[in-house]
Amino acid sequence: MKFILNLTTAIAFGFIGFLVFGGIIAFVGYEGAGILIAIIFIILLTIVINLLMKINNNIEKLNQK
Numbered sequence: 058m059k060f061i062l063n064l065t066t067a068i069a070f071g072f073i074g075f076l077v078f079g080g081i082i083a084f085v086g087y088e089g090a091g092i093l094i095a096i097i098f099i100i101l102l103t104i105v106i107n108l109l110m111k112i113n114n115n116i117e118k119l120n121q122k
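Mapping of the sequence shown onto our numbering: residues 58 to 122, in sequence order.
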């Protein structure tokens with residue numbers, strides 16, 4: 058059950074990230090700046106996802122006690 062939840066969350070965040078990536082490229086144009094901004098955003102998104110998963114794991118540990 059937990060695996061399915063994480064998988065759907067990952068797919069949803071991936072899709073949102075893909076849309077934002079495309080939006081930034083379209084807004085700035087196919088220049089180095091646009092790609093750079095998109096890469097930075099994806100790195101930040103990955104960090105946020107990792108933090109959310111850690112928080113989720115801590116909540117599950119507290120619920121098990």
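By construction, the Cβ of each residue, glycine as well, lies at the ideal position given by its N, Cα and C atoms.
Top-ranked residue by Cα proximity to isoleucine 73, from Ile61, Thr103, Lys59: Position 16 of the sequence shown, counting from 1, holds the residue named residue 73. Isoleucine 73 has its Cα closest to that of Thr103, out of Ile61, Thr103, Lys59.
Do you know whose CA, among Leu119, Asn113, Leu76, lies nearest alanine 95's CA? Position 38 of the sequence shown, counted from the first residue, corresponds to residue 95. Considering only alpha carbons, the answer is Leu76.
With H, G and I counted as helix, E and B as strand and the rest as coil, what does DSSP make of glycine 118? The residue you call residue 118 lines up with position 61 of the sequence shown. Reading the sequence as shown, one finds lysine at residue 118 and not glycine. Correct three-state label for lysine 118: helix.
C-alpha gap between leucine 93 and glycine 79, whole angstroms: Residue 93 sits at position 36 when you count from the first residue of the sequence shown. Residue 79 sits at position 22 when you count from the first residue of the sequence shown. Using only the alpha carbons, I get a separation of about 13 Å.
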